[in-house]
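For the sequence shown, the UniProt record's numbering gives the first residue as 1, with consecutive numbering after it.
Note that beta-carbon positions come from the ideal geometry of N, C-alpha and C, so glycine has one too.
Here is the structure we will look at.
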Amino acid sequence: MTRNHSGYLFDSNIVIAILDNDHAAVKLVRQAQEEQRRIFFSTITECEVLSGVKHNQFLIAERLFSPRHMIHVDSAVSRKAASMQSEQRSKGRKIKTPDALIIATASTANLVLVSRDSDMNFVTNEYGMTLLKI
1 MTRNHSGYLF DSNIVIAILD NDHAAVKLVR QAQEEQRRIF FSTITECEVL SGVKHNQFLI
61 AERLFSPRHM IHVDSAVSRK AASMQSEQRS KGRKIKTPDA LIIATASTAN LVLVSRDSDM
121 NFVTNEYGMT LLKI
């Protein structure tokens, strides 16, 4: 199955890397801009980042989370996340609810999931998603 990805969904750890001026994360943002690929964030990522962001990075984080870059968790995403959690639990793998919601958001929106979380490696084989690890 060929998937036509129109952009990226950044996991919380990637946003934190951007805020910390991590070279690989900043390079991906520039590359996405050059290729005119949109960058999105889940409202779950917004919550996770803003709850722990350093004081001097708060305004930058707020700008990243502009409404045009946000994907809200709706019923379709919630149900997909619940299904994934249930399926993975039956295989002995526990997925935290925030991670399941972020994975389901990327899957539902047909976006490349960008994360440094090694616990998400299963999404490529089991759900046919594209996971970019930087």
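Go ahead and pull the three-state DSSP assignment for Ile95. Stepping through the sequence shown from its first residue, residue 95 is reached at position 95. Correct three-state label for Ile95: coil.
Residue(s) in a DSSP beta bridge with Leu132: Within the sequence shown, residue 132 is the residue found at index 132, counting from 1. BP columns for Leu132 point to Val114.
Could you tell me the boundaries of the beta strand (DSSP E) in which Phe40 lies? Taking the first residue of the sequence shown as position 1, residue 40 is located at position 40. Segment 38 to 42, the beta strand (DSSP E) holding Phe40.
I'd like to check one pair, Ile44 with Ile134: are the Cβ atoms closer than 7 Å? Start at 1 with the first residue of the sequence shown, and residue 134 comes out as number 134. Start at 1 with the first residue of the sequence shown, and residue 44 comes out as number 44. Cβ distance not < 7 Å, so Ile134 and Ile44 don't count as in contact.
Val114 versus Asn121, Met120, Leu131, Ser107, residue with shortest Cα-Cα distance: By 1-based counting over the sequence shown, the position of residue 114 is 114. That would be Leu131, whose Cα lies nearest to the Cα of Val114.
Ignore the nearest five residues each way along the sequence and tell me which others in Val82's own chain have a CB closer than 8 Å to its CB. Counting from 1 along the sequence shown, the entry for residue 82 is found at position 82. The sequence shown places Ala at residue 82, not Val. Closer than 8 Å at the Cβ level, and outside the excluded window around Ala82, lie Ala100.
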